[in-house]
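Q:
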Amino acid sequence: VLATQPPASINVMDAPYKARGDGTTNDRAAFQAAIDAAIDAKLPLWVPQPPQFYRIALDPDHDRLLVSDDLTIVGAGRTTTTLRFTVQTSATGHHYPAIFVAGGANFQIADLRLEEDLHQTPDQFEFYAVFFEASGTKSACLVENVDIDGFTSCLYSPSSGVGDARGELFLAVRNCDIKPWWQHGIAMWTAPNGHKRLHVYDSYIHDNQYSHLVYSHPHNSIHLENTRLDGASSWAFHIQGTEVAGDPEYQRFIGCWFGPRNSQGLITQARATVAATQVEVRNCLFEGQPSIQIRSDMLIDGCYFTSPQDSAKDSPFIGAYSNAPWQATIRDCIFAPKTNALPQIDLRLENIEVTLENCQFYNQRAGTMLTLGGGAANRYTLRDCVFYNRPDNASQAISIDIENGQTIVDNCRFFGRAIGDRGAIVLRSSDTGPSADASLQLDNCTFQNISGGTLFFALMPSANSWSGKFGGGNNRIVNLQTSKPLIMAEPPGPVYGRLAPVVAASPTTLPAGPVMVISSNYDAYELLGAADVATIHWWTADGLSNPLFSGAITLKAGVPFALVSGGNIQLAGGAARRDVPAGASVRLSYDSAQGFWSEA
462 VLATQPPASI
472 NVMDAPYKAR
482 GDGTTNDRAA
492 FQAAIDAAID
502 AKLPLWVPQP
512 PQFYRIALDP
522 DHDRLLVSDD
532 LTIVGAGRTT
542 TTLRFTVQTS
552 ATGHHYPAIF
562 VAGGANFQIA
572 DLRLEEDLHQ
582 TPDQFEFYAV
592 FFEASGTKSA
602 CLVENVDIDG
612 FTSCLYSPSS
622 GVGDARGELF
632 LAVRNCDIKP
642 WWQHGIAMWT
652 APNGHKRLHV
662 YDSYIHDNQY
672 SHLVYSHPHN
682 SIHLENTRLD
692 GASSWAFHIQ
702 GTEVAGDPEY
712 QRFIGCWFGP
722 RNSQGLITQA
732 RATVAATQVE
742 VRNCLFEGQP
752 SIQIRSDMLI
762 DGCYFTSPQD
772 SAKDSPFIGA
782 YSNAPWQATI
792 RDCIFAPKTN
802 ALPQIDLRLE
812 NIEVTLENCQ
822 FYNQRAGTML
832 TLGGGAANRY
842 TLRDCVFYNR
852 PDNASQAISI
862 DIENGQTIVD
872 NCRFFGRAIG
882 DRGAIVLRSS
892 DTGPSADASL
902 QLDNCTFQNI
912 SGGTLFFALM
922 PSANSWSGKF
932 GGGNNRIVNL
942 QTSKPLIMAE
952 PPGPVYGRLA
962 PVVAASPTTL
972 PAGPVMVISS
982 NYDAYELLGA
992 ADVATIHWWT
1002 ADGLSNPLFS
1012 GAITLKAGVP
1022 FALVSGGNIQ
1032 LAGGAARRDV
1042 PAGASVRLSY
1052 DSAQGFWSEA
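Each residue of the sequence shown is one higher than the one before, starting from 462 at the first, in my numbering.
(1) Can you give the Cα-Cα distance for Ala924 and Gly707, rounded to whole angstroms?
(2) Tell me the DSSP bridge mates of Glu629?
(3) Using 8 angstroms as the threshold, is the C-beta distance between Gly716 and Glu686 below it?
(4) My understanding is that Pro1008 touches Ser1050, with C-beta atoms under 8 angstroms, so please give their C-beta distance in whole angstroms.
(5) Nearest-angstrom Cα distance between Phe508 and Thr542?
(6) Taking Ala648 as the reference, which of Val591, Gly834 and Gly655 has the closest Cα?
(7) Taking the alpha helix (DSSP H) that Ile791 belongs to, which residues open and close that run?
(8) In angstroms with no decimal places, state the Cα-to-Cα distance between Arg574 and Ser672.
(9) If we ignore side chains and look at the alpha-carbon of each, how far apart do Arg713 and Tyr478 end up?
(10) Nearest-angstrom Cα distance between Trp650 and Glu818?
(11) Which residue's Cα is closest to the Cα of Val634: Gly597, Phe612 and Leu659?
(12) Tell me the DSSP secondary structure of Asp497 in three-state form.
(13) If distances are taken between C-alpha atoms only, which option among Thr486, Ser600 and Ala1061 comes closest to Val528?
(14) Tell me where the beta strand (DSSP E) around His660 begins and ends.
(15) Around the C-beta of Thr969, are 16 or more other C-beta atoms found within 10 angstroms, so that it is buried, or is it exposed?
(16) Assuming Gly828 is part of the beta strand (DSSP E), what are its boundary residues?
(17) Would you kindly check if the distance between the Cβ of Ile795 and the Cβ of Tyr841 is under 8 angstroms?
(18) Do Thr829 and Leu803 have their C-beta atoms closer together than 8 angstroms?
(19) Helix, strand or coil for Pro958? Go by DSSP, reduced to three states.
(20) Using only alpha-carbon positions, find the residue among Leu920, Pro975 and Ala1023 that is nearest to Ile948.
(21) Using a 10 Å radius around the Cβ and a threshold of 16 neighbouring Cβ atoms, would you call Ala965 buried or exposed?
(22) Suppose the cutoff is 6 angstroms on Cβ atoms and the five residues either side in sequence are ignored; what does the same chain contact list for Gln788 look like?
(23) If you draw a straight line from the C-alpha of Val440 to the C-alpha of Pro583, how long is it?
(24) Just to confirm my understanding: we take His645, look at its own chain, exclude 5 residues before and 5 after, and list those with CB closer than 6 angstroms. What are they?
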């Protein structure tokens, strides 16, 4: 910030311009003359600290400060140098750009404050702080260390203008505080097959009354870094358009904060064809719901999602919205709502492919963490994720609710309290799914301290079924506190899964008896006690959990025991009895679809 006039510059207070800055005199003519002189001399325009503020009154015959060519405007500081605009008319239909930057002009403005004192309704007229005219010529513009307060929209660039209007505008905004009175903090419309760039750094854009804080057509390149957006009446950042063409080079959000007062966070592009460019959201904080709606290829990396304790919203943080097919990766993210979330992530959309890696889901109220399905062609991969519910009665949630698609869940951990009448994983059917090739593969996962509900809850009121379509291996079940690992709600018949035991010896011995209940998930057990064993059940004595498991186990005799027919054990060759001497072992295999054990 310059406290004194820089050398080789035009001073708006010097003769012959003589801006007063007394808060009363209309300094419009002085500013326009100084702007024209600075452009002609190719010098910066210096705006010193005024006694009060510069009052600039516009009217239908003088509706703008016109920047006709390249210009730099520098003030003495955003806290000391204020340009206050007003409009002296009651006529409607005539829009007023406070500063109008002609198409193709390279423009910089720094170290001052722009404000207006009307706060009029936009049905009377629209009032813009800085208006960047579209043209067929490239231009670069910088707004730095500037406060903007008021106006219908603050920084505004339309799609039509001079010529074909396809010239690239590169607009950079750095270290600014932008507060529109009515609509957009920044708005960039772009002609079909045109292209603009918007870079915003270290800024705060906040508190409009209508529509989106930042709006951009989807074929613009966007980079936001270390910028805070809050108080949006609709979306904080909206990448959208109807008549669009052309592809962006990049669309990135890095280290940004989407605050709790936003109605909605970030919505990506919806187009007939999605560009190869993916939207990147990295290391951002989202403090409200919904946070992100996905309509195109996307990477969400290292972000934190939460919600205020007093929030009345229960919508998803991330939702698959429209415009498939697309691919998305969500990795290294934390989801920790302080209120209900139904669900935290909703990926129910046809023909999408989503990977979640190293994400952590925390829940301390009621809800669902992850909802999958919507299309037979969907592909989901969950790897190295944590699903954690608080164990107390005040908290309960479904970890994964799945209806269709092909899903791989690898090396994930599930903790805490599931919903009492549901489960950690809900297998759901509808009129469209699960399809014939739907699958849920769980490998190397851990279910620990699961209380309330169950591990798997089958809710399949339609003719479509998950039976035989879910399974996996090396999944550890530790301290299961619920009554059973599988509950069928609709229909009441069995649902067959294929969860193989963990390839490891049980750390505890198993008492032999005519009916043995194996309440763990290992593939090797030492039996103690002499008994004729006719029936072996997984987890519950009623046998209703047997359909969940398939695989082989080894029973080693601590003392002699026998396997006998008459229950759910079929011995080789139709034998009625198989004696197992002390120290010997027998290998049995269980097929959930067949419902019996046989000698391997």
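Note that the Cβ used here is the ideal one computed from N, Cα and C, for glycine as well.
A: In terms of the structure at hand:
(1) Straight-line Cα distance between these residues: approximately 45 angstroms.
(2) Looking at the DSSP assignment, Glu629 forms no beta bridge with any residue, so it has no partner.
(3) yes
(4) Not a contact, Cβ separation roughly 15 angstroms.
(5) Here residue 508 is Val; the residue named in the question, Phe, does not match the sequence. Cα to Cα, the separation comes out at about 7 angstroms.
(6) Closest in C-alpha terms to Ala648, from the list Val591, Gly834 and Gly655, comes Val591.
(7) Where Ile791 is concerned, there is no enclosing alpha helix (DSSP H), although the beta strand (DSSP E) it sits in stretches over Trp787 to Arg792.
(8) Each residue's alpha carbon lies about 24 angstroms from the other.
(9) 43 angstroms
(10) 35 angstroms
(11) Residue Leu659 is the option with its Cα nearest to Val634.
(12) Here Asp497 sits in helix by DSSP.
(13) Ser600
(14) Arg658 to Tyr662
(15) Exposed: under 16 other Cβ atoms inside 10 Å.
(16) Ala827 to Gly834
(17) no
(18) yes
(19) The amino acid occupying residue 958 in the given sequence is Gly; Pro does not appear at that position. Coil, per DSSP.
(20) Leu920
(21) exposed
(22) Cβ neighbours of Gln788 beyond the five flanking positions: Asp758 and Glu814.
(23) Examination of residue 440 is not possible in this model, given that the chain is present from 462 through 1061 alone.
(24) Ser614 and Tyr676
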